[in-house]
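The structure under discussion appears below in the form of structure tokens.
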Amino acid sequence: AGKTQSGVTLILIDRTLDLSTATKNDTDCVLSRILSTLPHLPYHNNDVAVNMTPLCPDLK
1 AGKTQSGVTL ILIDRTLDLS TATKNDTDCV LSRILSTLPH LPYHNNDVAV
51 NMTPLCPDLK
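Sequential numbering of the sequence shown, starting at 1, is according to the UniProt record's numbering.
Spelled out as structure tokens, the structure:
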């Protein structure tokens, strides 16, 4: 009668629709502009390469 129960909660978030909206060839949203402007990482479709050197010039 004095047992303590513990549990685990798992939350899954489906971001598929967010990605499919941004991969269209229009510039209706900021993410689609970013994806169409910046160079893509090798072998990636939805990831872009961002040059961070101007933000951290001391780390060259």
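Backbone N, C-alpha and C define an ideal beta-carbon position, used for all residues, glycine too.
Treat the numbers as computed from the prediction; the structure is a model and nothing was measured.
Is it buried or exposed, residue i, if we count other Cβ atoms within 10 angstroms and call 16 or more buried?
i	result
Leu-35	buried
On a CA-only basis, which of the options is nearest residue i? Give me that one, please.
i	options	result
Asp-47	Pro-54, Cys-56, Thr-37 and Lys-3	Thr-37
Excluding sequence positions up to five away, which residues of its chain have a Cβ less than 8 Å from the Cβ of residue i?
i	result
Ala-49	Leu-38, Pro-39, His-40 and Leu-41
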